[in-house]
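Which chain is which? The protein sequence lines are A and B, in order.
Using this note's numbering, the letters of the first sequence map in sequence onto residues 200 to 312.
Using this note's numbering, the letters of the second sequence map in sequence onto residues -9 to 100.
Here a beta-carbon is modelled for each residue, glycine too, at the ideal position from N, C-alpha and C.
The block underneath contains the structure these notes are about, expressed in structure tokens.
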Amino acid sequence: SQQGEEDPQALSIQEGENATMNCSYKTSINNLQWYRQNSGRGLVHLILIRSNEREKHSGRLRVTLDTSKKSSSLLITASRAADTASYFCATEKGGTSYGKLTFGQGTILTVHP
Amino acid sequence: DTAVSQTPKYLVTQMGNDKSIKCEQNLGHDTMYWYKQDSKKFLKIMFSYNNKELIINETVPNRFSPKSPDKAHLNLHINSLELGDSAVYFCASSQEETQYFGPGTRLLVL
Chain A
200 SQQGEEDPQA
210 LSIQEGENAT
220 MNCSYKTSIN
230 NLQWYRQNSG
240 RGLVHLILIR
250 SNEREKHSGR
260 LRVTLDTSKK
270 SSSLLITASR
280 AADTASYFCA
290 TEKGGTSYGK
300 LTFGQGTILT
310 VHP
Chain B
-9 DTAVSQTPKY
1 LVTQMGNDKS
11 IKCEQNLGHD
21 TMYWYKQDSK
31 KFLKIMFSYN
41 NKELIINETV
51 PNRFSPKSPD
61 KAHLNLHINS
71 LELGDSAVYF
81 CASSQEETQY
91 FGPGTRLLVL
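Structure representation (structure tokens):
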């Protein structure tokens, strides 16, 4: 079954607004990663947060992780039209599952100029 | 200077045919992967190789056979193609936790 589930499935905002996407998962994890996929392209890694971290920043991205609720959120601040893409969370359990990423269904973000 | 490359980019074929997709990475990574992304954009891991050895083999039909001639290459051969095999197949590589994806191969089985 799917490990990560994302919410909302689609998000439409204006340039300059913030975008928040949420991800929930079911089992304990070693880390959680966020990837972006532009239409017709491969996935690009955005940020990784480990199970012992609660928040991480990278440029306009802020990721939080709540292991007690088994959830994560990705915040993109001051969005741009170029941020239009699908965003996926992926979890890694570690141990014998090292390297095995389980992806959510993704959130389709549309940023209108 | 593409990091992870796949060929072909598009593949249209008839049911029952056999086809191969090739993947190469020039990042010097030890681990490579194959993923399948379906029409609903759900991405699922199929195989993973580390230094030419199979380490992850999800419940994939044995019509799918990965081959790693060296650690920079991981090819995917599919026998007796079925309609349900239509999807986008992504190759990826990693050295640690971050994975680097290729551009994908869009396979359409008619």
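query, result
"Out of A:Ala280, A:Glu205, A:Ser270, A:Ser227, which one is the CA nearest neighbour of A:Asn217?", "A:Ala280"
"Whole angstroms are fine: how far does the CA of B:Asn52 sit from the CA of A:Tyr234?", "29 Å"
"Give the interface partners of B:Phe54 over in chain A, defined as CB-CB distance under 7 Å, in chain order.", "Within chain A, no residue comes near B:Phe54; the closest Cβ sits about 17 Å away, beyond 7 Å."
"Taking only three categories from DSSP, how would you classify A:Ala280?", "helix"
"Specify, as a first and last residue, the run of the beta strand (DSSP E) that B:Glu43 falls within.", "43 to 47"
"By DSSP's criteria, B:Lys26 is part of a beta bridge. Which residues make up the other side?", "B:Lys34, B:Tyr79"
"Quick check on B:Leu66: does DSSP put it in helix, strand or coil?", "strand"
"Measuring straight from C-alpha to C-alpha, what distance separates B:Asn40 and A:Thr290?", "19 Å"
"Please list, in chain order, the chain B residues whose beta carbon lies closer than 9 Å to that of A:Asn230.", "Glu87"
"Just tell me which of A:Gly258, A:Leu274, A:Arg259, A:Glu254 has its CA closest to the CA of A:Asp265.", "A:Glu254"
"Give me the Cβ distance between B:Lys125 and B:Tyr90, rounded to the nearest whole Å; I'm assuming they're in contact under 8 Å.", "Since the displayed chain B opens at -9 and closes at 100, residue 125 of chain B lies outside it and no answer follows."
"If B:Ser83 and B:Val(-6) are in contact, beta carbons under 8 Å, what's the gap, nearest whole angstrom?", "6 Å"
"With C-beta atoms as the reference, is A:Thr306 less than 8 Å away from A:Glu204?", "no"
"Buried or exposed, going by whether 16 or more other CB atoms sit within 10 Å of the CB of A:Asp282?", "buried"
"Could you check whether the Cβ of A:Gln304 sits closer than 8 Å to any Cβ belonging to chain B?", "yes"
"Please report the straight-line C-alpha distance between B:Ile68 and B:Ser10, rounded to a whole angstrom.", "6 Å"
"In this structure, what does DSSP give as the bridge partners for A:Gln232?", "A:Leu247, A:Ala289"
"May I ask you to report which of helix, strand or coil DSSP gives A:Gly298?", "strand"
"Would a check of beta-carbon distances place A:Ser211 closer than 8 Å to chain B?", "no"
"Could you confirm whether any beta carbon from chain B is found closer than 8 Å to the beta carbon of A:Leu247?", "yes"
"Please confirm whether A:Ser285 has its beta-carbon closer than 8 Å to some beta-carbon of chain B.", "yes"
"At which residues does the beta strand (DSSP E) containing B:Leu71 begin and terminate?", "Taken as a continuous stretch (DSSP letters only), B:Leu71 belongs to no beta strand (DSSP E), as it is neither H nor E."
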